[in-house]
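Engineer: Before we start, here is the structure in question, set down as structure tokens.
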């Protein structure tokens, strides 16, 4: 089953899941994925909205299990799906905490702030470096280069 990483693709996937549930006479279905990059997040949020818990398997476990099963580290989608299904069956998964509403916005805001603070500290380090190299007298006149007095 192939589907795009957008709402239309997710609906196609959900429809396919519902069809399989009816055919197999099951009430629940497990959906597992390997959290590589940001690609799993939108699907995880969609699944949560439609009442399915998204489950994550560790990418290192997928890689190691693949090598154990057929002694080959080659990667392909069919092989990965089989390994992920086996890890789910064995209970080797985690349930991610996917916040919704204001909590999702707060998490996004905190992540953005953390990145900005990291960038700011990196820039401050560069300015300190440049001042020490090219204008060492600056600190004899001004205590802090980012203080109000420097203007």
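In UniProt numbering, the protein residues as written are 1 to 151.
Beta carbons are placed, not taken as given, at the ideal position from N, Cα and C, and that holds for glycine.
Values in this document were obtained by computation on a predicted structure and should not be read as measured data.
Report yes or no: do three or more beta-carbon pairs, one from the segment 94-109 and one from the segment 74-85, lie closer than 8 angstroms?
Structural biologist: With the cut-off at 8 angstroms, the segment 94-109 and the segment 74-85 do not touch.
Engineer: In angstroms with no decimal places, state the Cα-to-Cα distance between residue 69 and residue 63.
Structural biologist: Each residue's alpha carbon lies about 10 angstroms from the other.
Engineer: Based on DSSP bridge pairs, tell me the residues matched to residue 1.
Structural biologist: Note: residue 1 sits in no beta bridge, so no partner.
Engineer: Going by C-alpha distance, which of 50, 55 and 85 is nearest residue 66?
Structural biologist: Taking only the C-alpha atoms, the option nearest residue 66 is 85.
Engineer: Would you kindly work out how many angstroms separate the C-alpha atoms of residue 7 and residue 140, rounded to a whole number?
Structural biologist: Looking at the two C-alpha atoms, the distance is approximately 60 angstroms.
Engineer: Tell me whether residue 30 sits in a helix, a strand or coil according to DSSP, three-state version.
Structural biologist: Of the three classes helix, strand and coil, the one that applies to residue 30 here is coil, per DSSP.
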